[in-house]
Each structure stands twice: as structure tokens, then as C-alpha cells.
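Numbering (this note's numbering), first residue to last: 281 to 413.
Note that CB positions come from ideal geometry on N, CA and C, so glycine has one too.
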Amino acid sequence: MKKNLFIAMAILFTYTINAQDTEKRYNFAYTISDSCNDSKVVYFSPIVSCTVPHLWFDNEESQLKRKWQKKVFANYKLKTYCFYKEAWVWKSYGKVDEQRDKTIAEFRNRGYKVYANYTFGFHYVSAYEESKN
């Protein structure tokens, strides 16, 4: 009986630790024209989610920015030196959606041409998920 209880507690403890190790985050990125570009344009990614350990959060933000910028450059054939990239990461889908809408409105108010809907897809796989394969 004690052995069964010990095994059950060990399984529960392992599951609890593994469940706390990772957390689901919601992200979006945008690529914006720099001052060397004649046009004021910004490309917003869709909101994507990933489940990563706490130690990977900064890495995921960096990976998302890089992958989004490569996707935009490939589809619009842009010069890389005239654009820079940004990304945001949140725990809540509602908060990231609200921030994305607010950021889009802010760029529109500043006179930027905003692209937020695309004919190409953007499937984001986190670096953490790629490392597990």
C-alpha cells in the first residue's frame, strides 16, 4: 500500500513540475520601414502562440521577430537594411490582441501604411518546439 502511494505521489509530483516548466505565450511581431526608406510602411504578423519554458521567453521573442521579418522580406522583396523589427509577448490572448490593435492604430495615426492581412500564411513553430524534434 505504501509503495503504491509513493508511486502515485512521484507521478503527481513529476507531472506538476513538468506542467509548471512551460507556459503558453501569445506573440505578434512587426517589421517597420526605417528612415532610409522613402515610404512609411509597417507589416504586422498575425497573433501566434507557443508553449515554452520560462528560460526561453527572450529567445522566443527574438526568434519570432527574425522569422517574421524573413517572411515579409521574401514575400515583398524588400531591402533588409531599410527595415527593423519588433515583437511583443504576453500571457493573455486578450491583452496581446488589444496591444496589437493599439499599435496598429498608433502607426496609422502617424501616417504609416499598415499591412495586417496577408495572402501568404505564417505558421510559427517556436525554437523550443523545434529543439524537441
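One question on the structure: do residue i and residue j come within less than 8 Å of each other, judged by their Cβ atoms?
| i | j | result |
| --- | --- | --- |
| V394 | I327 | no |
| Y361 | C316 | yes |
| R380 | E340 | no |
| N307 | A354 | no |
Apart from the five residues on each side of it in sequence, which residues of its chain come closer than 6 Å, Cβ to Cβ, to residue i?
| i | result |
| --- | --- |
| T419 | A query on residue 419 cannot be resolved here, the shown segment of the chain reaching from 281 to 413 and no further. |
| F387 | V322, V394 |
According to DSSP, which residues form a beta bridge with residue i?
| i | result |
| --- | --- |
| P333 | T302 |
| F324 | Y310 |
| W370 | Y306 |
| F353 | Answer is none; F353 lacks a bridge partner. |
Under 7 Å Cβ to Cβ from residue i, same chain only, skipping five residues before and after it: list those, please.
| i | result |
| --- | --- |
| I384 | F324, V394, A396 |
| Y392 | K320, V321, V322 |
| L358 | V352 |
Whose C-alpha, out of the options, is nearest the C-alpha of residue i?
| i | options | result |
| --- | --- | --- |
| Y398 | R390, Y356, E410 | Y356 |
| E410 | W370, V332, A309, D314 | V332 |
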